[in-house]
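Structure, as structure tokens:
Residue numbers (my numbering): 1 to 111.
Right, dumping it as structure tokens:
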């Protein structure tokens, strides 16, 4: 039965990759969240300058994740990555409430 379901799932797009965009202000932890999903653990990271793309599988789904730099200078380019996006992960640093208005503004632009 499981083999049959696997074959059916493959026929209807089970091998599809889902484009995901990871957004957030600088130093919010976007890359840490991405690598936690990718590797299953936290690893040391450097600030993302521009973008970083990774492919990974999570719960039998395949993702291509675009980790976008959160510096104010880079945020205008976020919209270039939105086309054909299946999911958005927004990372918010709850220890930085001063950044809440800025991320709210970016989410309004996204929607």
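Each residue gets a CB set at the ideal place from its N, CA and C atoms; glycine is no exception.
It should be emphasised that the depicted structure is a prediction, and the values quoted were computed from it without experimental measurement.
Problem - Proximity below 9 Å, CB of residue 34 to CB of residue 22 - result: Position 34 of the chain shown, counted from the first residue, corresponds to residue 34. Position 22 of the chain shown, counted from the first residue, corresponds to residue 22. Yes; because the gap between Cβ atoms is below 9 Å, this pair is in contact.
Practice task
Taking all protein chains shown into account, decide if residue 30 is buried (16 or more other Cβ within 10 angstroms of its Cβ) or exposed.
Solution key: Start at 1 with the first residue of the chain shown, and residue 30 comes out as number 30. Per the 10 Å Cβ criterion, buried.
Handout entry: Of the listed residues 48, 50, 65, nearest to residue 56 (C-alpha basis)
Key = By one-based count along the chain shown, residue 56 stands at place 56. Closest option to residue 56, Cα to Cα, is 65.
Handout entry: Segment limits, alpha helix (DSSP H) that includes residue 56
Key = One-based indexing of the chain shown puts residue 56 at position 56. No alpha helix (DSSP H) contains residue 56, which is instead part of the beta strand (DSSP E) from 51 to 58.
Exercise for the section: Please name the residue in 51, 27, 36 whose C-alpha comes closest to that of residue 80. Expected result: Along the chain shown, read from residue 1 onward, the residue named residue 80 stands at position 80. With distances taken between Cα atoms, residue 80 lies closest to 51.
Practice task
Quick one: give me the first and last residue of the beta strand (DSSP E) that residue 152 is part of.
Solution key: Summary: the structure shown does not reach residue 152, with the chain confined to residues 1 through 111, and so no result is reported for it.
Practice task
Report yes if the CB atom of residue 25 is closer than 9 Å to the CB atom of residue 102, and no otherwise.
Solution key: On the chain shown, residue 25 is found 25 positions in, with the first residue counted as 1. On the chain shown, residue 102 is found 102 positions in, with the first residue counted as 1. Yes, the pair counts as a contact, with Cβ atoms nearer than the cut-off.
Handout entry: Simplified DSSP state of residue 92, which is helix, strand or coil
Key = Against the chain shown, residue 92 aligns to sequence position 92. Looking at residue 92 - three-state DSSP - the assignment turns out to be coil, as it is neither helix nor strand.
Problem - Neighbour-count burial assignment, residue 63, 16 or more Cβ in a 10 Å radius - result: Here the question's residue 63 lines up with position 63 in the chain shown. Per the 10 Å Cβ criterion, buried.
Handout entry: Same chain, Cβ closer than 7 Å to residue 32, five either side skipped, listed in chain order
Key = Reading the chain shown from its first residue, position 32 is the one you call residue 32. So the qualifying residues of the chain are 42, 45.
Handout entry: Range of the contiguous beta strand (DSSP E) that encloses residue 19
Key = Counted from its first residue, the chain shown places residue 19 at position 19. That run of the beta strand (DSSP E) goes 17 to 23.
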